[in-house]
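What follows is a set of notes on a single structure, which appears directly below.
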Amino acid sequence: MGQVIAAATEHGHDDGHHHHKETFVTKYIFSTDHKMIAKQYLITGLIMGAIGILMSVLMRMQIANPEQPNVIFEALLGKWAPGGVMDPNIYLALVTIHGTIMVFFVLTAGLSGTFSNFLIPLQIGARDMASGFLNMVSYWLFFLSSAIMISSLFVELGPAAAGWTIYPPLSAVAKAMPGSGMGMTLWLVSMAIFIASSLLGSLNYVVTVINMRTKGMSMTRLPLTIWAFFVTAIIGVVSFPVLFAAALLLIMDRSFGTSFFLSDIYIKGEVLAHQGGSPVLFEHLFWFLGHPEVYIVLLPALGITSEIIATNSRKPIFGYRAMVASILAIAFLSTIVWGHHMFVSGMNPFLGSVFTFTTLLIAIPSAVKAFNYITTLWKGNLQLNPAMLFSIGLVSTFITGGLTGIILGDSTLDINVHDTYFVVAHFHLVMGISALYGLFAGVYHWFPKMFNKMMNKNLGYAHFWLTAIGAYGVFFPMHFIGMAGLPRRYYTNTNFPYFDDLADTNQLITYFAIATALAQLIFVYNFVKSIFYGKKAPANPWKSNTLEWTTGDKHIHGNWDGPIPHVHRWAYDYSKVNDNGEYVIPGQDYTPQHIPLQDGEEEMNH
Amino acid sequence: MTAFLIILIAALFVIALWQISKIVQLGKSPEANGADGEIANDADNDRQGKFMLYFVIAMYVMMIACFIGYQDYFLPDAASAHGSEYDSLLLLTTVVIMIVQFLTQALLHWFSYKYRGRKGQKALFYADNDRLEFIWTAIPVVVLAGLILWGLFSWNDIMDVDKHEDPLVVEVYAYQFGWKVRYSGSDNTLGDANVRFIEGANVLGIDPTDADGKDDMVATELHLPVNRPVVFNFRSQDVLHSAYMPHFRAQMNVVPGMVTKFSFTPTVTSEDYKSTEFMTEKVSKINEIRRQKSKELEAAGDVALDPYEFEYYLLCNKICGASHYNMQMKIVVESEEDYNKWLETQTTFETTLANAEN
Ligand code: HEM
Ligand SMILES: [Cu+2]
Ligand SMILES: [Cu+2]
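Protein sequence lines correspond, in order, to chains U and D.
Heads up: the first sequence runs through residues 1 to 606, numbered per my numbering.
Heads up: the second sequence runs through residues 607 to 964, numbered per my numbering.
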């Protein structure tokens, strides 16, 4: 099947890119090329992910065999596992750092950072981000914050351990727990830098999407990936500063004796001077970011799957306008639902009613998206590549996890499941696993573009199926132990005989977790091996419509060797036929965006 | 049942591995030369599409097995007045979401199987259908509106702590790592308190100058008379805690610097709750597990576990430090008579202070 790769021949105002001499340092380290920065984000994110997953396995091993000596603990935790028995404080530290790493470092920076950087310029037809320099600064700030977060694992009294939500006073008062000393300071510094990095990145994405689209790329012709990255960046710009403010105020409470979040505290035989602050205020500030964060993590994953599902179904995404509207609705609503994390925090119950209402509203655009994905598959010609499997897997876990949100979002029902393992099961499926699948789908799909090599598909299949089985094996039974009222963040459950009969299930979950974590090694092997020994990728392996596949296989700073292609249609003309039932381009079931309308063809009026 | 489940799921893993190893074998065949070998071909689509089908069937089996095997994980009937409403709403919501879950997962995986790619198969160019989209926006709107309304009415009802006439007022007090209870005494009014008053025997920081506090009584167990509404005032001396009483469908965070409130009416005494069919079965199952464990422990030279008898409990459900996992308090629900008898054995704050001075 002939592939149409050549870009439009007309010369526009946008050509004439010049090459600079590049040294190793400017090419691989302090690069301003968005493609290289994307790869830096990806590799850093994957390394952080490996650390985060390893931590979750350690936690699960403790839960399965509580307070039993374990050589692995002894080897990895050293003095924090005297005689190989994990210390309770270090369990909480693992919970905290695992959560922080997975949410911020893997799924915010590693997912959104990678694919926003990589795809925005390529898919809108731009030579680079609006500011390559700020983009580079953004990555290096991210790197710095990762390094600080990791270094906090090695401080004398251990890393932050107050949960990824770092609620004061636990996080504010050094006497409350060992991790709230130096460990928490480093956590806060690391996150402050992370936020700066994220803001620089987001501003860049927003400006780039608004200003630098190629001729013909109207907003309504943008691929859904770009819509998702664009709106994600906006949510980030709106909500991250609030977390920054919260962190700043917390730093002041900790170090300068202010009382924003602290009042009437008696600890270790001593009354603290703080008076008049409120921990509930911190909760508001935290969740004002914290909830949008869920969508900062999810929307890019959904954008990625929209693109991959359409391409591999050989069909347009169903309901493009509804998909865009849903993204916008989710973005807007996500900033006014934060209170559902605080139904029983002691805030005014009337507020609880309001937040229940907005929360169930946000379920509606989410449901629309799920239905639209399913309809996109209907009557398709599905090419079940690994990226496609992960995308279908995402829709599956997104539904399973999203549905339990209806229980948690209902203030009445939340009373009895709040902070139990039911919540842990819910958010891991809907945000953790779903976004992780989005990340994997993106890597399998765009690997050929990133590295000019193909990943091994059979290893990809093995990776997918083991992960899919394992993820449900871990997180589906977990709902039931939550329904039994088992609290989260418990070092062991043995002090409550009532929970004794859950022990088997906890062990089962741990076995699945270990198996799933091991299955990720298949991915690591495939990823690393394919970079060096993979088969050379064709220009457009998935027969996709978007512009990134028109650059040819030379990786140059500036993306297109010649002029930037112009755009004449939306990104989803898959299997489009003329009145006579023949494909628009005879013999080819897709029509890339840079191909002008053919004779007698009508533009989709989406 | 659990053992059966483990075997079943382990078997699934093994089958998956076996199938995958077969594919990897196939992948090595000379057919897969060149980069096209890494792109799904008809054989891959066929195989992966079928796996999708097997997967959803396995998933159904797993879901059903979980619901059957874990049915006694669900909390028994609520022991509070608002709890039965809570349970009905939970049941309805669970049924609704499981129906949606079954239908949507079926469609998703069935389509993945049914429309798996084949050479020559033409996909349908189908970009929009306003009517369909309207329908599936409207359905969730209606269903959710119903659930929401019910939820909101119950919520307003449950959270209205002033609705009862003559409730029992009790303070639940949290600290790293334990709980105390303060009864308000004959005046049914709690005396003022602040951590700045904590000193010696005055562990809860009751204001010694406040007359309301003189008859307050501090206890380490929460005793409640059955069928009398209780208003809980929660106070923490150090960090956030959360008072979670799962069997009463009650939970409220305990926040230093403020008093949070929750109220409910216990409706089943501890004795009655223990002797329900559910609880006797559950407890004997737990004791069987504990006996087995004890055998192992004794063989290893450790002390055996005590047999378990059910008591209502309150546990901490907000991360609060190293011993968060072991911050519990026994709750006893008893007849008014027994409750009063027990109360008489408690010491008032006035007496506590006087004793401390001697
Ligand atoms: C192999 C996969 C994973 C396993 C086995 C796992 C396991 C766990 C466990 C055991 C906890 C502690 C639960 C508790 O006591 O509260 C936890 C917490 C958490 N996990 Fe994961 N996890 C996995 C993947 C992820 C992913 C992909 C994310 C990304 C969103 C994630 C985010 C979190 C968060 C935010 C917490 C809460 C931390 C806290 O309570 O402060 N996890 N996880
Ligand atoms: Cu939320
Ligand atoms: Cu606690």
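Glycine included, each C-beta is placed from N, C-alpha and C at the ideal position.
These numbers were taken from a predicted model, which means no experiment stands behind them.
Cβ-Cβ separation, residue j to residue i (assumed contact under 8 Å), whole Å
i               : j               : result
M342 of chain U : E293 of chain U : Contact doesn't hold; Cβ gap of about 15 Å is too wide.
P746 of chain D : A363 of chain U : 6 Å
W542 of chain U : T311 of chain U : 5 Å
K379 of chain U : A729 of chain D : 6 Å
I764 of chain D : H688 of chain D : 5 Å
T546 of chain U : P223 of chain U : 5 Å
A425 of chain U : G482 of chain U : 6 Å
Distance, residue j Cα to residue i Cα
i               : j               : result
T866 of chain D : N859 of chain D : 7 Å
I374 of chain U : L351 of chain U : 35 Å
N416 of chain U : A172 of chain U : 28 Å
Y437 of chain U : Y444 of chain U : 10 Å
F661 of chain D : I621 of chain D : 11 Å
I296 of chain U : L920 of chain D : 36 Å
S470 of chain U : A664 of chain D : Reading off the sequence shown, one finds Gly at residue 470 of chain U, where the question assumed Ser. Taking the straight line from one Cα to the other gives about 13 Å.
K576 of chain U : L200 of chain U : 40 Å
G432 of chain U : S900 of chain D : 38 Å
V959 of chain D : S792 of chain D : Reading off the sequence shown, one finds Leu at residue 959 of chain D, where the question assumed Val. Between L959 of chain D and S792 of chain D, the C-alpha separation is close to 18 Å.
G83 of chain U  : I43 of chain U  : 35 Å
A638 of chain D : W465 of chain U : Here A638 of chain D scores only 47 on pLDDT, less than 50, and its place in the model should not be relied on; the value that follows carries that caveat. So the two alpha carbons sit approximately 21 Å from each other.
M864 of chain D : N372 of chain U : 47 Å
V580 of chain D : Q123 of chain U : There is simply no residue 580 of chain D to check, as chain D begins at 607 and stops at 964 in what is shown.
H594 of chain U : A539 of chain U : 15 Å
F357 of chain U : S366 of chain U : 15 Å
Element boundaries [beta strand (DSSP E), containing residue i]
i               : result
G784 of chain D : 784–789
P831 of chain D : 828–831
H847 of chain D : 847–851
S842 of chain D : 836–842
F868 of chain D : 866–870
M935 of chain D : 934–940
A729 of chain D : No beta strand (DSSP E) contains A729 of chain D, which DSSP labels as neither H nor E.
A174 of chain U : Here A174 of chain U belongs to no beta strand (DSSP E), and DSSP marks it neither H nor E.
Y373 of chain U : Per DSSP, Y373 of chain U belongs to no beta strand (DSSP E); it is in the alpha helix (DSSP H), 349–377.
Partner residues on chain U for residue i, Cβ-Cβ distance less than 9 Å
i               : result
L714 of chain D : A370, Y373, I374, L377, I392, V395, S396, I399
N- and C-terminal bounds of the alpha helix (DSSP H) containing residue i
i               : result
A859 of chain D : In the sequence on display, residue 859 of chain D carries Asn and not Ala. Looking at the DSSP string, N859 of chain D is not in any alpha helix (DSSP H); the run it does join, the beta strand (DSSP E), is 856–860.
A441 of chain U : 434–451
L521 of chain U : 503–533
Coil, strand or helix - residue i by DSSP
i               : result
L738 of chain D : helix
A638 of chain D : In this prediction, A638 of chain D has a pLDDT of 47, which is less than 50 and means its spatial position is unreliable; what the coordinates show is noted afterwards. If DSSP states are grouped into helix, strand and coil, A638 of chain D belongs with the helices.
F282 of chain U : helix
R722 of chain D : strand
F673 of chain D : helix
I556 of chain U : coil
A161 of chain U : coil
L681 of chain D : coil
L111 of chain U : helix
N923 of chain D : coil
N312 of chain U : helix
T44 of chain U  : helix
S263 of chain U : coil
K901 of chain D : helix
Y918 of chain D : strand
Partners in chain D for residue i, counting only beta-carbon separations shorter than 7 Å
i               : result
Q383 of chain U : A646, N651, G723
T412 of chain U : Y692, L695, G757, S760, W761, I764
G319 of chain U : D734, E739
D419 of chain U : S848, N923, K924
Chain-ordered chain D contacts of residue i [CB-CB under 9 Å]
i               : result
F476 of chain U : M665, M668, M669, C672
V430 of chain U : In chain order: nothing, as chain D lies at least about 13 Å away.
Contacts of residue i in chain U (Cβ-Cβ under 7 Å)
i               : result
A928 of chain D : P88, N89, M177
Partners in chain D for residue i, counting only beta-carbon separations shorter than 8 Å
i               : result
T633 of chain U : Since the first residue shown for chain U is 1 and the last is 606, residue 633 of chain U is missing from the structure and cannot be characterised.
8 Å Cβ cut-off: residues of chain U touching residue i
i               : result
L753 of chain D : L360, I406, D410
T815 of chain D : Going along chain U, no residue has its Cβ under 8 Å from T815 of chain D, so there is no contact; the nearest lies around 18 Å.
Quick one, which residues of the segment 426–458 of chain U are near chain B if we go by CB-CB under 9 Å, in chain order?
Among the protein chains in the structure shown, which are U and D, there is no chain B.
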